[in-house]
Amino acid sequence: MDQQTPASPMTQRYIKKREAILHAAAQLFNQHGVKGATLSDVAGRVDLSTNSITYYYKKKEDLVVACFLRSIEVINDILAVAAESSKPNERVRQFIRLFFSRLRQIQAAEAPEMMNFRDVQVLGSPHAEVVFAAYTDMFRRARRLLVIDGTTTENRVSLNARSHLLLTLTLAAMNWMSRYDQQDYELVAATMSDIMIDGLASKTSRWRETALDEALAQTPGVSDTTQDGFLRAATALINELGYCGASVDRISARLNVTKGSFYHHNPNKEDLISECFERTFSVTRRMQMMARAGDGSGWDKLCAVSRGLVRFQFSEQAPLLRMSAWSELPDDIRESKLKTINQIGQRFVFFLVDGMKDGSIRPVDQAVAAFQVSAMINAAIVLDRWVPDVTAENAVDLFVRPLFLGILSA
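Just so you know, we're using numbering that gives the first Met the number 0 here: the sequence shown kicks off at 0 and counts up by one.
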């Protein structure tokens, strides 16, 4: 019988140090964004010189890829266990429960840090291809959790949208679970599973368009000006390539104008990016306030504002900015933008409270439900990666409806 040869002390030290590097790097990248942390920062966390850390990872991009791949490996292991359950609803509950259990272990320093996926789009070639290939494989594993009678050409589009919803909303918990005590992670996981499977509707509520949907569709958007063209181009590039990837050259090229024209209309890139956030904040606030002031139940209003914001993402005035872009911002504006993001997300709680009072929304944890609604709207920004033919109309049924009625609903 073959016996494994024990690793040499040198190999053991190498593996131990490499794991320490991955742990420290993931922490720093999560805190400051991929662009905001350097190899030198990572080296300082593990008592190495910058030159020494290149013995393990020659470039920062190599280290970033390694962090992403390790996180994907962890999630794949969780998906494999969840896939053993016989029913889709059991598989979904198990996936969320095990993922939250892992987050609790990380908070308790019982497991190494996992890399947040919000910055995955900032990688350039060939590193991006490596990570996206691994992420796509993980996506397919998550999709299998939702399969009931097999995957067919007819249901693949819907299945892809729901898989994106499940995977993205679960991973997004990494952004907000630190607000909870470690002892409450299991309870929060159960709450999120309940919302994911059974939705938000009470027994008397129905998924239907109301006059409020039409009113929100007529909401004055942003002006069709040269400046708004710069804002839309910059926003699209941030969504695709991250803050640093949205360079003055790329923004100008997207609009087919010169750099001189860019600086004629914009003092600098930083001010333009700040305006991109404010534009998205303005659109979101406007729809939220119109919905609150409109007629209908809390359910009607929450459904309408969610549909309206997702439709806006696929309109001529699109795009909205992905909110996870805050992590790449310069230090002097990062915290203020994050504060506003949290305030806007918190506003969805008011709709939920109103709905629970009038009986149109079933009793659930309002904070957790608000996180899900916010994350769903944000995730719609990249829905076209998984559903290439998505439109303003089918996005609502493919992506918004499953959160409100349950991810396994017909």
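Positions of the beta carbon are idealized from the N, C-alpha and C atoms, including for glycine.
Residues bridged to residue i by DSSP?
| i | result |
| --- | --- |
| I360 | A200 |
For residue i versus residue j, is the C-beta spacing smaller than 9 Å?
| i | j | result |
| --- | --- | --- |
| V352 | V187 | no |
| G354 | L308 | no |
| Q365 | V348 | yes |
| R101 | V121 | no |
| I196 | V363 | no |
| A110 | Q93 | no |
| L168 | L407 | no |
| E327 | K34 | yes |
| N50 | E112 | no |
| L47 | K16 | yes |
| N75 | R142 | no |
| R103 | Q181 | yes |
| Y13 | Y55 | yes |
| S359 | S204 | yes |
| C275 | L337 | no |
| L78 | M137 | yes |
| D118 | G241 | yes |
| G344 | A324 | no |
| I332 | S273 | yes |
Who are the Cβ neighbours of residue i in its own chain at under 7 Å, not counting the five residues just before and after it?
| i | result |
| --- | --- |
| A232 | I250, R253, L254 |
| A374 | T167, L168, A171 |
| Q287 | V304, R346 |
| H264 | T225, Q226, F229 |
| C66 | L21, A24, A25, F28, M114 |
| V395 | R306, V309, R310 |
Taking 6 Å as the limit between beta carbons, can you name the residues of its chain near residue i, skipping five residues before and five after?
| i | result |
| --- | --- |
| N174 | none |
| T10 | none |
| A235 | P318 |
| W385 | N159, H163 |
| Y134 | none |
| G198 | F403, L404, G405 |
| A245 | A233, L236, I237 |
Could you name the residues of the same chain whose beta carbon sits closer than 8 Å to that of residue i, not counting the 5 residues immediately before and after it, in chain order?
| i | result |
| --- | --- |
| L68 | V129, V130, A133 |
| A42 | S48, T49, S51, I52 |
With a cut-off of 9 Å, does the C-beta of residue i fall near any C-beta of chain B?
| i | result |
| --- | --- |
| I74 | Here chain B cannot be found, since the structure has a single protein chain. |
Task: Residue ranges of each alpha helix (DSSP H) within the segment 99-124, 4 or longer - done: Correct list: empty.
Open item on the list: Pairs of beta-carbons, one from the segment 158-174 and one from the segment 368-379, closer than 8 Å: are there three or more?
Closed with: Yes, the segment 158-174 is in contact with the segment 368-379.
Open item on the list: Which complete alpha helix (DSSP H) runs does the segment 36-88 hold, if anything under 4 residues is left out?
Closed with: Listed in chain order, the complete alpha helix (DSSP H) runs (minimum 4 residues) inside the segment 36-88 are 38-44, 49-52, 59-81.
Open item on the list: Restricting to runs no shorter than 3 residues, where is the beta strand (DSSP E) found entirely within the segment 217-289?
Closed with: Restricted to the segment 217-289, not a single beta strand (DSSP E) segment is unbroken, complete and at least 3 residues in length.
TODO: Take every Cβ of the segment 191-207, pair it with every Cβ of the segment 268-280, and state whether three or more of those distances are shorter than 8 Å.
DONE: Touching, no, given that fewer than three Cβ pairs across the two stretches are closer than 8 Å.
Open item on the list: Three Cβ pairs or more, each shorter than 8 Å: is that satisfied between the segment 258-273 and the segment 287-305?
Closed with: Short answer: they don't touch.
Task: Touching by the beta-carbon criterion (3+ pairs, under 8 Å), the segment 390-398 and the segment 310-326 - done: With the cut-off at 8 Å, the segment 390-398 and the segment 310-326 touch.
TODO: Decide if the segment 19-27 is in contact with the segment 53-70; the criterion is three or more beta carbon pairs, one per stretch, under 8 Å apart.
DONE: Verdict: yes, contact present.
TODO: Would you mind listing the alpha helix (DSSP H) stretches within the segment 134-218 that are 4+ residues and don't spill past its ends, in chain order?
DONE: Every unbroken stretch of the alpha helix (DSSP H) spanning 4 or more residues and falling wholly within the segment 134-218 is given here in chain order: 152-171, 184-197, 210-216.
TODO: Just list the alpha helix (DSSP H) runs in the segment 319-383, keeping only unbroken ones of 4 residues or longer that don't cross its boundaries, in chain order.
DONE: Runs of the alpha helix (DSSP H) lying entirely within the segment 319-383 and spanning at least 4 residues, in chain order: 330-345, 347-357, 365-378.
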